[in-house]
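Asks:
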Amino acid sequence: MTALAIALALFAQAADGGAPPAEAPSAVAAAEDRLPAGAPRDDYQFVAWCYGALRGYLDMHDEMMPEVTRIESQFRKPGTRLEDDLKVYAQMQKDGRAQLKTFQATLTAAEKASVRPINTIGANAVRLGRQIWNTGPDVTKARKAQEWMSWSLPARCETVSASLETRAKLMGATFRVNEEPGAAAPPAEPAPEAPPAEGAPTEPPIAQPDR
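Residue numbers for the sequence shown follow our numbering, so the first one is 886 and each next one is one higher.
1. Skipping 5 residues on each side, what residues in its chain have a beta carbon closer than 6 Å to that of P1039?
2. When burial is assigned at 16 or more other CB atoms within 10 Å of the CB, is E968 buried or exposed?
3. Any idea what DSSP makes of G923, helix, strand or coil?
4. Using the three-state DSSP reduction, which class does G1014 fall into: helix, strand or coil?
5. With DSSP run on the structure shown, which of helix, strand or coil describes K962?
6. Does the segment 928–947 touch the segment 1004–1017, meaning 3 or more C-beta pairs lie closer than 8 Å?
7. Answer yes or no: do M949 and A1030 have a C-beta to C-beta separation smaller than 8 Å?
8. Identify which residue in V973, L1049, A995 and G1057 has its Cα closest to the Cα of S1037.
9. Just to confirm the assignment, what range does the alpha helix (DSSP H) spanning D970 have?
10. Please go through the same chain and pick out, in chain order, the residues whose beta-carbon is closer than 6 Å to the beta-carbon of A1073, but skip the five residues on each side of it.
11. Assuming A995 and L1055 form a contact by the criterion Cβ under 8 Å, report the distance between their Cβ atoms to the nearest whole angstrom.
12. Measure the alpha-carbon distance for N1019 versus R982 and round it to whole angstroms.
13. How about G1014 and A933: are their beta carbons less than 8 Å apart?
14. Among the candidates M977, E1043 and D947, whose CA atom is the shortest distance from the CA of T991?
15. Considering only C-alpha positions, which residue in the set N1004, D928 and L943 is nearest to D980?
16. Counting C-beta neighbours from all protein chains within 10 Å, is the total for Q978 16 or more, i.e. buried, or is it exposed?
17. Assign V1000 to one of two classes, buried (16 or more other C-beta atoms within 10 Å of its C-beta) or exposed (fewer than that).
18. Please return the same chain residues whose Cβ sits closer than 8 Å to the Cβ of H946, not counting the five positions on each side in sequence.
19. Look at the alpha carbon of R1041 and the alpha carbon of S1035, and state the distance between them as a whole number of angstroms.
20. Judging by CA-CA distance, which residue of A1047, G1057 and G923 is the nearest neighbour of Q989?
21. Taking the CB atoms as reference points, tell me whether V1045 and F960 lie closer together than 8 Å.
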């Protein structure tokens, strides 16, 4: 092997060794599947929590935008326009409201498939999600606006929502598996007779023969 070939081989080895290792796919998946702090583990309650957190974010838009506009105006990147940056927040509102409808459809499917009422549990989880936006009096407007600007919906919300809706629809189909398609509905049963008054005989008395 010539000296040039040896040098090229050593250079290639050094380049390979100095390159930063690529992040393992499993590590990325684990980060996306991480449960947010304070969120419930149950899938139905978690999707309800996501709904509440996202709804809280969207409802704060009008309150946050004056401070957001001030921050965006003060800290400008060269070659960018304020109008273009503000359009991003409008688009996020549009996308967020579409995602709310998706979460609502998932929650409705799960509630219909459940054998017991769970909507009260879901309502509590929604309130829990909204509470992430509660702040104390020591938090400034600027700080709150910065947190609002940097917030994004946890990736786990969308994956769990899609999985839960699929399972809920399959469960609903299972419940209806014994129904024949197009079968006529059975005739309504006659209304039960009113029960006898307390203390009254259950059968009419037998007539006594005249003497």
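Note that beta-carbon positions come from the ideal geometry of N, C-alpha and C, so glycine has one too.
Replies: Answer, in terms of the structure:
1. P921
2. exposed
3. coil
4. helix
5. coil
6. yes
7. yes
8. V973
9. L967 to A998
10. Because A1073 carries a pLDDT of 44, less than 50, the predicted location of this residue cannot be relied on, and no value is offered for it.
11. The Cβ separation is near 12 Å, so there is no contact.
12. 21 Å
13. yes
14. E1043
15. L943
16. exposed
17. exposed
18. Y974 and Q978
19. 17 Å
20. A1047
21. no
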